[in-house]
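Colleague: Protein chains in written order, with our numbering: chain A, 1 to 250; chain B, 1 to 220. All C-beta atoms in this analysis are idealised placements derived from N, C-alpha and C, irrespective of residue type, glycine included. Every value quoted in this text rests on a predicted model; they were computed, and no experiment measured them. For reference, the structure I am asking about is given below.
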Amino acid sequence: MSALGGTVNFLSRTDPRLKVLILVLWSFLLAFVQSRAAAWVGLVGSGVLYAFSGPQSLIKGLSRLLAINSFLIFIWLTLPFSFSTPGTEIYRLGWLALTQEGLDFSLILSLKALAITLGALAITSSSGVFELLAGAKGLGAPEKLVALCQLMTRYISVIGQQYARSRQAMRVRGFQPRTNLHTLRSYANLAGILLVRGLDRAERVRSAMLCRGYNGRFWAKTDFRLKFLDLGLAYLTLALGLWVTILDAA
Amino acid sequence: MTPPEILIKVTDLVFGYPGRPLVIDGLDFELGSDELVGLTGHNGCGKTTLLEIIMGLRKPQAGTVEILGKKCTEEKHFRPLRPKMGFVFQDANDQLFCPTVADDLAFGPLNLGASRQEADQVAQKVLDNLGLPDFGPRVTYDLSGGEKKLVALGTALALSPRLLILDEPTNFLDREAVARLEEILRQLQLPGVIVSHDVGFLDKMVKRRYWLEKGRLTAV
Ligand SMILES: Nc1ncnc2c1ncn2[C@@H]1O[C@H](COP(=O)(O)OP(=O)(O)OP(=O)(O)O)[C@@H](O)[C@H]1O
Ligand SMILES: [Mg+2]
Chain A
1 MSALGGTVNF LSRTDPRLKV LILVLWSFLL AFVQSRAAAW VGLVGSGVLY
51 AFSGPQSLIK GLSRLLAINS FLIFIWLTLP FSFSTPGTEI YRLGWLALTQ
101 EGLDFSLILS LKALAITLGA LAITSSSGVF ELLAGAKGLG APEKLVALCQ
151 LMTRYISVIG QQYARSRQAM RVRGFQPRTN LHTLRSYANL AGILLVRGLD
201 RAERVRSAML CRGYNGRFWA KTDFRLKFLD LGLAYLTLAL GLWVTILDAA
Chain B
1 MTPPEILIKV TDLVFGYPGR PLVIDGLDFE LGSDELVGLT GHNGCGKTTL
51 LEIIMGLRKP QAGTVEILGK KCTEEKHFRP LRPKMGFVFQ DANDQLFCPT
101 VADDLAFGPL NLGASRQEAD QVAQKVLDNL GLPDFGPRVT YDLSGGEKKL
151 VALGTALALS PRLLILDEPT NFLDREAVAR LEEILRQLQL PGVIVSHDVG
201 FLDKMVKRRY WLEKGRLTAV
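Shown next as structure tokens:
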């Protein structure tokens with residue numbers, strides 16, 4: 001089961017260390033892809049991984065994917081027109097020239113971005129943050145870094161709640177954001193109180209840890225064992241990775 | 001029966017936050033191993049501060065703190081003694097910092113040198129005692145305020161402490177949960193200090209109550 005209580009599926013039952021490894025290697029591989037065919041296969045591969053991350057609503061997945069990739073709009077608005085090396089011109093509007101090279105480049109970039117985020121989505125949505133962090137630690141990531149990420153994920157919601165509560169408290173007293181000094185000052189106060197409380201809390205959390213015999217060591221579950229299922233996932237991604245590499249080299 | 005031992009002894013304690021009037025001003029206090037005492041006082045009178053000094057989390061400007069018969073002046077004196085005093089913070093969010101309830105309960109025992117397996121066993125036993133047997137895999141930030149409070153108590157109990165120091169344990173608890181807490185504390189039979197504004201709860205749990213005002217304690 002994933003740490004966040006998600007559904008049980010193929011990806012969620014595999015070893016978190018393997019998933020972290022796949023996440024890193026797959027993203028790197030895709031980032032270096034140059035050819036259009038390889039980028040397409042990469043996207044398909046990420047789609048396969050995503051399909052294995054269990055029964056998920058397609059619409060939710062798509063909307064998440066598009067939200068993360070909304071910056072692509074700007075690439076499409078600028079890149080196809082802004083190729084400095086004179087390429088094959090397709091269309092000209094005054095001084096704006098649309099080139100084949102520009103279009104190709106934008107397409108590959110978009111495919112890569114979509115493939116990387118979809119792959120990451122598949123891995124992260126099928127396992128809790130803490131599980132992945134434990135996996136990273138199992139792979140030898142520095143203990144302090146893992147502890148830092150762990151505490152951050154734990155307290156981000158607490159800070160979020162505090163922010164929401166402060167906003168509510170402002171609203172029930174008739175606060176309405178306008179473009180004036182009062183609004184600015186109120187927001188500054190809000191930011192300030194969140195910072196101060198965060199610092200305060202960090203101190204108290206440390207105290208609480210000291211009270212329970214904390215001596216600098218952080219404990220996360222790391223007694224993983226590779227299973228048959230993991231082998232399957234490893235082979236699958238290896239095959240996908242090879243396919244992408246070969247296509248890209250050709 | 002062995003004669004009661006002095007678990008906590010503070011004398012002539014003085015403490016003030018920088019730039020503010022003294023919060024603790026010449027305070028004396030003693031806790032025997034046969035007593036669970038209550039501590040009350042107005043908001044902001046310094047109850048939490050006093051507990052933090054006893055735990056060695058704040059350094060008093062004057063006075064002495066003796067825990068389990070040992071004089072404590074520095075961090076290194078307090079360090080090994082803290083797990084023996086099960087301290088539960090006023091705000092459970094400060095206490096629960098691990099991803100899951102099971103992880104949090106296992107944290108203390110692991111620090112004390114238990115194996116992962118032993119620690120998990122302790123965690124489960126504590127959860128059973130709290131009447132929350134299947135809370136182990138729950139994510140700590142999803143718990144309700146009352147559930148957090150009970151689990152926070154659990155993290156202290158997982159250390160098998162000699163005494164308990166509870167800062168407003170009944171906050172956020174409904175009547176049923178308070179009843180469960182009373183039952184748990186009664187079964188534990190541990191000595192300690194309970195800070196609470198809930199007079200009904202204190203009357204049931206403790207024989208003696210202290211009132212903190214103007215930096216000193218008076219028995220009520
Ligand atoms: N970190 C701090 N810095 C400065 N002043 C503080 C700090 N913590 C507490 N105080 C002040 O010290 C006094 C005692 O605070 P303390 O938290 O000990 O009170 P308390 O008796 O626990 O109150 P409550 O019943 O509200 O929990 C209060 O006046 C408070 O404003
Ligand atoms: Mg207090």
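Just to confirm before moving on: does the CB-CB distance between A/Leu-29 and A/Gly-174 stay below 8 Å?
Modeller: No. Outside cutoff.
Colleague: Please report the straight-line C-alpha distance between A/Gly-6 and A/Ala-31, rounded to a whole angstrom.
Modeller: For A/Gly-6, the predicted structure reports a pLDDT of 44, less than 50, and the residue's modelled location is therefore unreliable. The matter cannot be settled from this model.
Colleague: Taking 8 Å as the cut-off, does the segment 63-78 of chain A touch the segment 101-117 of chain A (at least 3 CB pairs, one atom from each stretch)?
Modeller: They touch, by the three-pair rule.
Colleague: Would A/Lys-112 pass as a contact of A/Ala-164 if the rule is Cβ separation under 8 Å?
Modeller: In this structure, A/Ala-164 does not lie closer than 8 Å to A/Lys-112 by Cβ.
Colleague: Check whether chain A comes within 8 Å of B/Leu-190, counting only Cβ atoms and requiring the distance to be less than that.
Modeller: No, B/Leu-190 does not count as interfacial toward chain A.
Colleague: Between B/Asn-221 and ligand 1, is there a pair consisting of the residue's CB and a ligand heavy atom that are separated by less than 7 Å?
Modeller: The question about residue 221 of chain B has no answer, for chain B in this structure spans 1 to 220.
Colleague: Can the beta-carbon of A/Asp-230 be found less than 8 Å from the beta-carbon of A/Thr-88?
Modeller: Contact: no.
Colleague: Can you have a look at A/Met-1 and say buried or exposed, based on whether 16 or more other CB atoms are within 10 angstroms of its CB?
Modeller: Because the pLDDT at A/Met-1 is just 35, under 50, the model does not fix this residue reliably, and the value given afterwards should be weighed accordingly. Label assigned to A/Met-1: exposed.
Colleague: Is there at least one Cβ from chain A nearer than 8 Å to B/Gly-108's Cβ?
Modeller: It does; some Cβ of chain A falls within 8 Å.
Colleague: Relative to the C-alpha of B/Val-88, which candidate in B/Leu-150, B/Gly-19, B/Thr-40, B/Phe-15 has its C-alpha closest?
Modeller: Checking every option, the nearest Cα to that of B/Val-88 belongs to B/Leu-150.
Colleague: Measuring from the CB of B/Ala-23, is there a heavy atom of ligand 1 at a distance below 7 Å?
Modeller: It is worth fixing the name first, because residue 23 of chain B is Val in this sequence and not Ala. Yes, Cβ of B/Val-23 sits closer than 7 Å to a heavy atom of ligand 1.
Colleague: Quick one: what does DSSP say A/Arg-206 is sitting in, helix, strand or coil?
Modeller: Note: A/Arg-206 maps to helix in three-state DSSP.
Colleague: Rounded to a whole number of angstroms, what is the C-alpha to C-alpha distance between A/Gly-192 and A/Ala-202?
Modeller: When rounded, the distance between both Cα atoms is 15 Å.
Colleague: State the DSSP-derived secondary structure class of A/Met-1, mapped to helix, strand or coil.
Modeller: For A/Met-1, the pLDDT reaches just 35, beneath the cut-off of 50, and the residue's location in the model is therefore unreliable, although a value from the coordinates is still provided. In the structure shown, A/Met-1 sits in coil (DSSP, three-state: anything other than H, G, I, E or B).
Colleague: Report the rounded CA-to-CA distance for A/Gly-234 versus A/Arg-206, giving the unit in angstroms.
Modeller: At residue 234 of chain A the sequence reads Ala, which differs from the Gly that was named. Cα to Cα, the separation comes out at about 40 Å.
Colleague: Name the residue from B/Ser-33, B/Leu-163, B/Val-139 whose alpha carbon lies nearest to the alpha carbon of B/Leu-51.
Modeller: Considering only alpha carbons, the answer is B/Leu-163.
Colleague: Taking B/Thr-105 as the reference, which of A/Ala-249, A/Tyr-214, A/Gln-162 has the closest Cα?
Modeller: Strictly speaking, residue 105 of chain B in this sequence is Leu, with Thr absent from that position. Among A/Ala-249, A/Tyr-214, A/Gln-162, the Cα nearest to that of B/Leu-105 is on A/Tyr-214.
Colleague: Following a CB-centred definition, is B/Asn-43 positioned closer than 7 Å to any heavy atom of ligand 1?
Modeller: Yes, Cβ of B/Asn-43 sits closer than 7 Å to a heavy atom of ligand 1.
Colleague: Ligand 1 heavy atoms versus the CB of A/Gln-150: any closer than 7 Å?
Modeller: No, Cβ of A/Gln-150 sits at least 7 Å from all heavy atoms of ligand 1.
Colleague: With contact counted as at least three CB pairs below 8 Å, one residue from each stretch, are the segment 10-29 of chain B and the segment 168-179 of chain B in contact?
Modeller: As far as the Cβ criterion goes, the segment 10-29 of chain B does not touch the segment 168-179 of chain B, which means the pair count is below three.
Colleague: Are A/Ser-126 and A/Gly-54 close, meaning C-beta to C-beta below 8 Å?
Modeller: Closer than 8 Å, so yes.
Colleague: Quick one: what does DSSP say A/Cys-149 is sitting in, helix, strand or coil?
Modeller: Reduced to three states, the DSSP call for A/Cys-149 is helix.
Colleague: In terms of alpha-carbon separation, which member of B/Gly-108, B/Ala-92, B/Lys-71, B/Ser-33 lies closest to B/Asp-142?
Modeller: That would be B/Ala-92, whose Cα lies nearest to the Cα of B/Asp-142.
Colleague: Less than 8 Å between the C-beta atoms of B/Thr-64 and B/Val-23, yes or no?
Modeller: Their beta carbons are not under 8 Å apart, which means B/Thr-64 does not touch B/Val-23 by this criterion.
Colleague: Pick out the complete alpha helix (DSSP H) segments inside the segment 171-200 of chain B, 4 residues or longer, and give them in chain order.
Modeller: The qualifying runs are 175-188.
Colleague: Is B/Gln-90 near ligand 1, going by C-beta to nearest heavy atom under 7 Å?
Modeller: Indeed, a heavy atom of ligand 1 lies less than 7 Å from the Cβ.
Colleague: How big is the Cα-Cα spacing for A/Leu-103 and A/Leu-132?
Modeller: When rounded, the distance between both Cα atoms is 37 Å.
Colleague: Find the residues of chain B that neighbour A/Ser-207, judging by a C-beta separation of less than 7 Å, and give them in chain order.
Modeller: Within chain B, the residues near A/Ser-207 are Leu-57.
Colleague: Skipping 5 residues on each side, what residues in its chain have a beta carbon closer than 8 Å to that of A/Leu-4?
Modeller: With a pLDDT of only 40 at A/Leu-4, under the threshold of 50, the placement of this residue in the model should not be trusted; the figure read from the coordinates follows. Correct list, in chain order: Gly-128, Val-129.
Colleague: Could you tell me whether the Cβ of A/Leu-118 comes closer than 8 Å to any Cβ of chain B?
Modeller: Taking Cβ atoms only, chain B never reaches closer than 8 Å to A/Leu-118, which makes this a no.
Colleague: Under 8 Å between the Cβ atoms of B/Leu-188 and B/Gly-154?
Modeller: Cβ distance not < 8 Å, so B/Leu-188 and B/Gly-154 don't count as in contact.
Colleague: Below 8 Å on the Cβ atoms is my guess for B/Val-37 versus B/Arg-208; work out the distance and round it to an integer in Å.
Modeller: Going by Cβ atoms, the distance from B/Val-37 to B/Arg-208 rounds to 5 Å, so yes, they are a contact pair.
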